[in-house]
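Chains as they are written, first to last, in the numbering used here: chain A, 40 to 225; chain B, 48 to 204. Where is the CB? At the ideal position from N, CA and C, for every residue including glycine. Model, not experiment: these values are computed from the prediction.
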């Protein structure tokens, strides 16, 4: 009798193990389905970090560029948007950026773009950016942690990055993720 | 003439075979100092290309990977340690950029898995080997019946 109960107890071990593994898989797959878990997403462990040191020239015809100290001295939160004229999601993002730019200071950095292409792209349907700069080598973007345009960063006064979005922004995302952080500092 | 062409083709292919199979787009990317170049390549092999995701930046030909290779080489040339460069990358792109994740609470299971698997295997093997032989000796009745059956079989032949 004791042998039998012991055997039963031992049998439950692999079943429990398989059940646990199955539950884990189901949890992961359902999170992937509803979008709360993306295995390809670049996950930063701590979002809050200072902006990197950079000096960028302006896009010719669109005024001067900007640098770290200008961003640090901004009195209000600034949304930095990396874009490129050759990037199709950036074209699609433009309409949302125009709406967003009415609610927050939006500064744009053209990533690996030809100056003329960048100027045409920004000014074609009215620029959403208060300031623009040109990162032709793409080295400043790497210093920020950009892996592919479009990407956006919320920079708080003093120069802390409080939020990093690695996809095209839309109004819902802006209201859900960016605006609460930006409003908290006002 | 023909032999000369054949020989040169052979030498070229052998030459290509000897080169390391890295995704460097041009030799101009490489550092002039071979020791530093080797170090940069080893660091690059530890960094995930964020575009292709399952390739290292050393293997990938994506534009971002090329830029990251350049950054790694800049840092190596300026005399930074491997550790410093990995930290620089992790601060910008998160733990995700490390192809070999560090041991932490969230990666503990991953790192412990080989040991756990071996331990489970040993446990199972020990259990199998120590299982007692439970066949009891035949009782007198059973022995008698077996004897009868065996004799029946004999006589049928």
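Exercise. In chain order, what residues of the same chain lie with their CB nearer than 8 Å to the CB of residue 155/A, ignoring the 5 residues before and after it?
Worked result: Here residue 155/A has 99 as same chain residues with Cβ atoms under 8 Å from its own Cβ, once five neighbours each way along the sequence are excluded.
For this session: Would you grab the beta carbon distance between residue 116/B and residue 132/B for me? Rounded to a whole angstrom, and I think it's under 8 Å.
Result: That pair is no contact at about 12 Å.
Problem set entry | Contact under 8 Å by Cβ, residue 221/A with residue 116/A | It is a contact, given that the beta carbons lie within the stated cut-off.
Exercise. Using a Cβ cut-off of 9 Å, which residues of the stretch 151-183 of chain A contact any Cβ in chain C, in chain order?
Worked result: This model lacks chain C altogether, as its protein chains are A and B.
Exercise. Tell me, which residues are paired with residue 106/A by DSSP?
Worked result: Note: residue 106/A sits in a beta bridge opposite 94/A.
For this session: With DSSP collapsed to three states, give me the class of residue 89/A.
Result: Note: residue 89/A maps to strand in three-state DSSP.
Exercise. Quick one: Cα of residue 97/A to Cα of residue 159/B, how far?
Worked result: Those two C-alpha atoms are separated by around 51 Å.
Exercise. Residue 101/A and residue 188/A: beta carbons closer than 8 Å?
Worked result: In this structure, residue 101/A keeps its C-beta atom at 8 Å or more from the C-beta atom of residue 188/A.
Exercise. Is the distance from the Cβ of residue 118/A to the Cβ of residue 68/A below 8 Å?
Worked result: It is not a contact, given that the beta carbons lie outside the stated cut-off.
For this session: Give the single residue among 202/A, 164/A, 186/A and 209/A whose Cα lies nearest to the Cα of residue 97/B.
Result: Ranking 202/A, 164/A, 186/A and 209/A by Cα distance to residue 97/B puts 186/A first.
For this session: Please state if the CB of residue 111/A and the CB of residue 146/A are separated by a distance shorter than 8 Å.
Result: No, these two residues do not count as a Cβ contact at 8 Å.
Exercise. Any Cβ of chain A within less than 8 Å of the Cβ of residue 145/B?
Worked result: Output row for residue 145/B: interface = no.
Problem set entry | Backbone CA spacing between residue 86/B and residue 123/B [nearest angstrom] | Spanning the two alpha carbons is a distance of roughly 8 Å.
Problem set entry | For residue 171/A, the residue or residues it bridges with in DSSP | As DSSP reads the structure, residue 171/A sits in a beta bridge with 147/A.
Problem set entry | Cβ separation of residue 93/A and residue 106/A, assumed to be a contact under 8 Å, to the nearest whole Å | With 8 Å as the limit, residue 93/A and residue 106/A qualify as a contact, their Cβ atoms being about 6 Å apart.
Exercise. In three-state terms, what does DSSP make of residue 94/B?
Worked result: Here residue 94/B sits in strand by DSSP.
For this session: Answer with yes or no whether the minimum CB distance from residue 178/B to chain A is below 8 Å.
Result: Taking 8 Å as the threshold, the shortest C-beta distance from residue 178/B to chain A does not fall below it.
Problem set entry | Residue range of the unbroken beta strand (DSSP E) whose run includes residue 144/B | Here residue 144/B belongs to no beta strand (DSSP E), and DSSP marks it neither H nor E.
Exercise. Looking at the C-beta of residue 141/B, does it have a partner C-beta in chain A at a distance below 8 Å?
Worked result: At least one chain A Cβ lies under 8 Å of residue 141/B.
Exercise. For residue 191/A, which beta-bridge partners are listed by DSSP?
Worked result: Here residue 191/A is bridged, per DSSP, to 120/A and 204/A.
Exercise. If you check the beta carbons only, do residue 213/A and residue 139/A fall under 8 Å apart?
Worked result: Yes, the pair counts as a contact, with Cβ atoms nearer than the cut-off.
For this session: Check the Cβ-Cβ distances between residue 68/B and every residue of chain A, and say whether any is below 8 Å.
Result: For residue 68/B, the predicted structure reports a pLDDT of 47, less than 50, and the residue's modelled location is therefore unreliable. The matter cannot be settled from this model.
Problem set entry | C-beta atoms of residue 134/B and residue 90/B nearer than 8 Å | No; because the gap between Cβ atoms is not below 8 Å, this pair is not in contact.
For this session: Check whether the Cβ of residue 93/B lies closer than 8 Å to any Cβ atom in chain A.
Result: With 8 Å as the cut-off, residue 93/B does not count as an interface residue toward chain A.
For this session: Kindly indicate if chain A contains any beta-carbon less than 8 Å away from that of residue 166/B.
Result: Taking Cβ atoms only, chain A never reaches closer than 8 Å to residue 166/B, which makes this a no.
Exercise. If you draw a straight line from the alpha carbon of residue 152/A to that of residue 127/A, how long is it in whole angstroms?
Worked result: For residue 152/A and residue 127/A, the distance between alpha carbons rounds to 13 Å.
Exercise. Taking Cβ-Cβ distances below 7 Å as the criterion, which residues of the stretch 101-134 of chain B are in contact with chain A?
Worked result: Going along the stretch 101-134 of chain B in chain order, one finds 111, 114, 115 and 118 with a Cβ nearer than 7 Å to chain A.
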